[in-house]
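Contents: one structure, followed by commentary.
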């Protein structure tokens with residue numbers, strides 16, 4: 001039994017963070033359905049876009065080289081979206097009040113979910129690339145381009161995970177969080193991820209060219225295929241940073257505002 | 001330092017137009033079990049949320065363990081633990097993992113956290129389920145873990161918001177024993193409850209809250225003596241209560257009451273004897289204060 005008089009130190013921010021990251025990772029490993037989805041979805045999408053749609057979109061058989069960045073983003077979006085549900089589940093459970101009444105930065109419980117989402121999505125991205133290589137993906141980028149591409153992908157995942165965390169925070173229930181998040185998952189289809197923008201109707205081209213997914217896709221594609229990313233990379237980084245900053249501010253504000261209310 | 005664990009002065013809280021707390025004044029002695037008794041919607045949870053720094057009051061002040069709940073939040077947090085109305089444990093983790101996580105978040109080292117978790121598992125009789133995920137637990141078991149979690153590090157004041165709501169009789173009694181045992185270690189326990197019996201069994205002091213106001217306060221003995229031990233209830237044909245008479249419950253007294261009411265009672269009047277309910281306390285207390 002600990003002595004009641006013992007003065008116990010507050011845990012450092014680093015310990016608090018690492019405890020919450022560990023917790024979220026454990027949640028991820030134990031949520032079997034989500035884990036299977038995170039691995040099965042990239043495999044299924046990759047095979048479907050290569051063998052089912054690929055022939056019709058580009059009969060030359062080169063479609064796999066075109067579509068890999070799109071599949072990576074689609075899976076990353078899907079993988080991050082479960083953060084909304086995880087966060088909403090925590091916020092509607094009594095445990096959040098316990099965290100808030102402990103002498104810690106309780107907001108780090110969200111940081112934990114974000115870190116776990118990064119890990120989960122890196123796994124999914126790895127699966128996409130391995131399957132892609134197996135079905136004929138032949139990248140031509142240098143090591144440097146690969147590192148840059150992975151950095152852009154990581155930034156994209158981080159930004160969207162925080163966005164989904166904010167959605168989870170404002171949602172009243174986990175189910176609501178899940179459906180709000182679902183809307184965002186359509187964004188990659190309205191970009192240059194699966195078909196060139198020039199094949200779309202004029203009014204849609206305007207949307208597709210000016211939404212955040214297109215520059216991210218174009219950047220990754222040029223980096224992996226040995227082309228020049230040009231100004232796309234700045235647009236991609238700019239969009240991601242903007243989404244990241246807005247989402248973090250939105251999350252922090254909502255987290256504080258919702259104290260004591262469930 | 002004085003002997004008061006909690007001092008509350010004129011605390012007010014509104015949610016929108018609804019007044020939830022309407023000027024509460026309250027003192028809680030160090031080391032006592034204090035029960036805040038009231039029906040759903042009386043403001044119990046809001047009150048506990050304010051004292052534990054989750055919610056800011058609109059007006060008034062409160063000190064918890066000598067620290068102001070508004071200006072000294074961090075020190076208040078280091079003095080208390082809160083167990084909310086719904087079991088505040090992580091369902092995806094095991095009991096042991098929950099305890100270790102909370103111990104780490106409370107500032108114990110990895111090693112200390114492990115040994116503290118084992119101590120609590122033993123103390124709260126959780127050994128057989130310690131490695132199972134909490135989502136497979138019964139309500140009573142969950143609550144037991146919940147309490148264990150709130151004790152990972154010694155805190156001067158423990159808040160328990162309706163600790164036994166939704167539990168079966170056996171689990172409720174087991175939890176009572178744990179709470180009583182805790183109090184012997186010198187901790188101040190502030191709990192809310194809807195059950196008169198629970199307040200009676202546990203508390204050194206009871207305060208009754210109704211519509212955001214404290215309408216009565218005293219030891220269980222004092223409270224009960226204001227009400228009588230039993231109620232004789234007269235109901236008419238339509239099962240509506242027509243009269244309630246408090247009594248000690250002795251045969252002589254009940255017989256006397258029966259003789260008094262028998263002559264004037266209309267056809268079909270039935271009689272029963274019951275223990276006083278929370279409603280009786282309220283009716284009595286609110287009428288004494290001259291409020292409807």
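Chains as they are written, first to last, in UniProt numbering: chain A, 1 to 262; chain B, 1 to 292. All residues carry an ideal CB built from backbone N, CA and C; glycine is no exception.
Under 8 Å between C-beta atoms of residue i and residue j
i: residue 209 of chain B; j: residue 36 of chain B; result: yes
i: residue 11 of chain A; j: residue 96 of chain A; result: no
i: residue 142 of chain B; j: residue 89 of chain B; result: yes
i: residue 66 of chain B; j: residue 188 of chain B; result: no
i: residue 112 of chain A; j: residue 21 of chain A; result: yes
i: residue 76 of chain A; j: residue 125 of chain A; result: yes
i: residue 47 of chain A; j: residue 135 of chain A; result: yes
i: residue 105 of chain B; j: residue 148 of chain B; result: no
i: residue 59 of chain B; j: residue 7 of chain B; result: no
i: residue 237 of chain A; j: residue 155 of chain A; result: yes
i: residue 53 of chain B; j: residue 77 of chain B; result: yes
i: residue 56 of chain B; j: residue 96 of chain B; result: no
i: residue 101 of chain A; j: residue 80 of chain B; result: yes
i: residue 208 of chain A; j: residue 200 of chain A; result: yes
i: residue 24 of chain B; j: residue 47 of chain B; result: yes
i: residue 220 of chain B; j: residue 203 of chain B; result: yes
i: residue 83 of chain B; j: residue 159 of chain B; result: yes
i: residue 72 of chain A; j: residue 220 of chain A; result: yes
i: residue 187 of chain A; j: residue 157 of chain A; result: no
i: residue 148 of chain A; j: residue 241 of chain A; result: no
i: residue 87 of chain A; j: residue 165 of chain A; result: yes
i: residue 22 of chain B; j: residue 211 of chain B; result: yes
i: residue 231 of chain B; j: residue 26 of chain A; result: no
i: residue 94 of chain A; j: residue 190 of chain B; result: no
i: residue 268 of chain B; j: residue 239 of chain B; result: no
Under the three-state DSSP convention, the category residue i falls into
i: residue 186 of chain A; result: coil
i: residue 41 of chain B; result: coil
i: residue 5 of chain A; result: Annotation note: pLDDT 41 at residue 5 of chain A (below 50); position unreliable, coordinate value reported separately. The answer is coil: DSSP assigns residue 5 of chain A none of H, G, I, E or B.
i: residue 3 of chain B; result: coil
i: residue 246 of chain B; result: strand
i: residue 224 of chain B; result: helix
i: residue 190 of chain B; result: strand
i: residue 202 of chain B; result: helix
i: residue 97 of chain A; result: helix
i: residue 290 of chain B; result: For residue 290 of chain B, the predicted structure reports a pLDDT of 43, less than 50, and the residue's modelled location is therefore unreliable. A value from the coordinates is still provided. Note: residue 290 of chain B maps to coil in three-state DSSP.
i: residue 162 of chain B; result: coil
i: residue 36 of chain A; result: helix
i: residue 199 of chain A; result: helix
i: residue 56 of chain B; result: coil
i: residue 41 of chain A; result: helix
i: residue 85 of chain B; result: coil
i: residue 56 of chain A; result: helix
i: residue 192 of chain A; result: coil
i: residue 275 of chain B; result: coil
i: residue 10 of chain B; result: strand
i: residue 207 of chain B; result: strand
Host alpha helix (DSSP H) of residue i (start-end)
i: residue 348 of chain A; result: Here chain A comprises residues numbered 1 to 262, so residue 348 of chain A is not present and cannot be evaluated.
i: residue 247 of chain A; result: 232-257
i: residue 169 of chain B; result: 169-183
i: residue 21 of chain A; result: 13-30
i: residue 73 of chain B; result: 73-79
i: residue 214 of chain B; result: Run containing residue 214 of chain B: none in the alpha helix (DSSP H); it sits in the beta strand (DSSP E), 213-218.
Boundaries of the beta strand (DSSP E) in which residue i is found, first to last residue
i: residue 145 of chain A; result: No beta strand (DSSP E) holds residue 145 of chain A; the alpha helix (DSSP H) holding it covers 143-170.
i: residue 25 of chain B; result: 18-29
i: residue 209 of chain A; result: First-last for residue 209 of chain A: 202-209, but that is the alpha helix (DSSP H), not the beta strand (DSSP E).
i: residue 213 of chain A; result: First-last for residue 213 of chain A: 213-225, but that is the alpha helix (DSSP H), not the beta strand (DSSP E).
i: residue 230 of chain B; result: 230-235
i: residue 138 of chain A; result: Note, residue 138 of chain A: premise wrong, no beta strand (DSSP E); not H, not E.
The ligand ADP heavy atom lying under 7 Å from the CB of residue i
i: residue 158 of chain B; result: As for the ligand ADP, it is missing from this structure, which has no ligand bound.
- [ ] Give the residues from the stretch 97-121 of chain A that approach chain B closer than 7 Å (Cβ to any Cβ), ordered along the chain.
- [x] Residues 97, 98, 100, 101, 102, 103 and 104.
Task: Residue ranges of each beta strand (DSSP E) within the stretch 89-149 of chain B, 3 or longer - done: none
TODO: Name, going along the chain, the residues of the stretch 8-25 of chain A whose beta-carbon falls closer than 7 Å to a beta-carbon of chain B.
DONE: Along the stretch 8-25 of chain A, going in chain order, the ones with a CB nearer than 7 Å to a CB of chain B are 8, 9, 10, 11, 15, 16, 19 and 23.
Open item on the list: Beta carbons nearer than 9 Å to chain B: which residues of the stretch 28-47 of chain A have them?
Closed with: In summary, the residues of the stretch 28-47 of chain A whose CB is separated from some CB of chain B by less than 9 Å are 30 and 31, in the order they occur in the chain.
- [ ] Could you run through the stretch 63-77 of chain B and flag, in chain order, every residue whose CB is less than 8 Å away from some CB of chain A?
- [x] 74 and 77
Open item on the list: Which residues of the stretch 165-193 of chain A have a Cβ closer than 8 Å to any Cβ of chain B? Give them in chain order.
Closed with: none
Open item on the list: Beta carbons nearer than 9 Å to chain A: which residues of the stretch 174-205 of chain B have them?
Closed with: 185, 186 and 187
TODO: Taking only beta carbons into account, state which residues of the stretch 94-124 of chain B come closer than 8 Å to chain A, listed in chain order.
DONE: Listed in sequence order: 97, 101, 102, 104, 105, 106, 107, 108, 116 and 119.
- [ ] Could you name the residues of the stretch 28-54 of chain B whose beta carbon sits closer than 7 Å to any beta carbon of chain A, in the order they occur along the chain?
- [x] 49, 52, 53 and 54
- [ ] Closer than 9 Å, Cβ to Cβ, to anything on chain B: give me those residues from the stretch 122-156 of chain A, in chain order.
- [x] none
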